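Read through the structure below, which is laid out as structure tokens, and then see the notes.
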Amino acid sequence: MKKIAIVTGASSGIGWEFAVQLDRDESFDEMWVIARRKEKLEELASVLKTPVKVVPLDLCEYASFDEFKALLEAEKPDIKVLVNCSGFGKFGAYSDIAVPDALSMVDLNARAPVALTEYSLPYMSEGARILQVASIAGFHPIPYLNVYAATKVFLLNYSRALGYELKSRKITVTAVCPGWTKTPFFDVATNGGTKKEVTKYTGMRTAEEMVTKALKCSRKGKDIAVLGLQNNGHRFLAKFIPYSAIMKIWDKIRK
Ligand SMILES: NC(=O)c1ccc[n+]([C@@H]2O[C@H](COP(=O)([O-])OP(=O)(O)OC[C@H]3O[C@@H](n4cnc5c(N)ncnc54)[C@H](OP(=O)(O)O)[C@@H]3O)[C@@H](O)[C@H]2O)c1
Numbered sequence: 019m020k021k022i023a024i025v026t027g028a029s030s031g032i033g034w035e036f037a038v039q040l041d042r043d044e045s046f047d048e049m050w051v052i053a054r055r056k057e058k059l060e061e062l063a064s065v066l067k068t069p070v071k072v073v074p075l076d077l078c079e080y081a082s083f084d085e086f087k088a089l090l091e092a093e094k095p096d097i098k099v100l101v102n103c104s105g106f107g108k109f110g111a112y113s114d115i116a117v118p119d120a121l122s123m124v125d126l127n128a129r130a131p132v133a134l135t136e137y138s139l140p141y142m143s144e145g146a147r148i149l150q151v152a153s154i155a156g157f158h159p160i161p162y163l164n165v166y167a168a169t170k171v172f173l174l175n176y177s178r179a180l181g182y183e184l185k186s187r188k189i190t191v192t193a194v195c196p197g198w199t200k201t202p203f204f205d206v207a208t209n210g211g212t213k214k215e216v217t218k219y220t221g222m223r224t225a226e227e228m229v230t231k232a233l234k235c236s237r238k239g240k241d242i243a244v245l246g247l248q249n250n251g252h253r254f255l256a257k258f259i260p261y262s263a264i265m266k267i268w269d270k271i272r273k
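Numbering (this note's numbering), first residue to last: 19 to 273.
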């Protein structure tokens, strides 16, 4: 049985970096990389030493989950690591975000990780690790990122509760919560810079730093990975300050 790692969102940014660091620091018979852009996944495959299976899928489509399930049934791999990293956000007032975009955020950021995780679990055994890329946006409600932030609340809570249930199978689930991270995420979020609802990105970190932290936490079996003092302070304060006050503070500092 092939020991494999699966990384979604591997064509860019944080997901690409997960594939690179898993390839460098761990050992697998094969890595499955998933996203829509086949050519970017092939480019990634050409720089990894682990044999790669390029799996181009649009994870907003139900049919992709059937395809993923069929692939698992055909190959019956031993999944050692699953990283659900595909995701996107759109910044803007509710009235400026097209309904199909809002629904796609829910589909990709919330529905897809549930589908891939649940279909993968029968192929995981003791010692397997799941990483769900949520966000510090999951710590509280965020005006002008309202749907995006809500999808990350879902993913954060789903991950932590699932991790609790999987303790008996000795499978870990780490909710990875990046703060602002330098990737092409912002091209999509701001429509190429035309959306100005958020213009201050204090404490921007690199994908490399975030992924190093995430994998370290995952190897230790931690249920959450948050990078640095600023983001950990944010998490701590979100537990004690009422949401109504946090939303006012956010509204003052976002521009
Ligand atoms: N950057 C940040 O500041 C930040 C902060 C907190 C959390 N995050 C989270 O980190 C994760 C990765 O984002 P990133 O910063 O690395 O942004 P990114 O560079 O834009 O990467 C997004 C990835 O998602 C994939 N994707 C988008 N739509 C997809 C679809 N319909 N089906 C399958 N894959 C799809 C993209 O691949 P294709 O376009 O090839 O499909 C790409 O590989 C996301 O979940 C994001 O919410 C990012």
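No residue lacks a Cβ here, since even glycine has one placed at the ideal position from N, Cα and C.
Since the model is a prediction, treat every value here as computed from it, not as a measurement.
A check of alpha carbon separations from residue 171 across 74, 47 and 253 identifies 253 as the nearest. Under the three-state reduction of DSSP, residue 206 is assigned to helix.
Beta-bridge partners of residue 159 (DSSP): none assigned. With a threshold of 6 Å, the Cβ atom of residue 89 does not count as near ligand 1, since no heavy atom of the ligand is closer than that. CA-CA distance, residue 271 to residue 259, rounds to 16 Å. Separation of residue 189 and residue 109 (C-alpha to C-alpha, rounded to the nearest whole angstrom) is 35 Å.
Contact check for residue 225 against residue 32 passes: the beta carbons are separated by less than 7 Å. DSSP, reduced to helix, strand and coil, places residue 74 within a strand of the structure shown.
By the C-beta density criterion, residue 104 is buried, having at least 16 other C-beta atoms within 10 angstroms. Apart from the 5 residues on each side of it in sequence, residue 19 sits with its Cβ closer than 6 Å to the Cβ of 96 in its chain, given in chain order. In this structure, the beta-carbon distance from residue 28 to residue 63 does not fall below 7 Å.
Annotation: the segment 189-235 contains the following complete segments of the alpha helix (DSSP H) (minimum length 4 residues), in chain order: 203-207.
In the structure shown, the three-state DSSP call for residue 265 is helix. In the pairwise beta carbon analysis, the segment 82-90 is classified as touching the segment 131-140: at least three pairs are separated by under 8 Å. In this structure, DSSP gives residue 245 a state outside helix and strand, which the three-state scheme calls coil.
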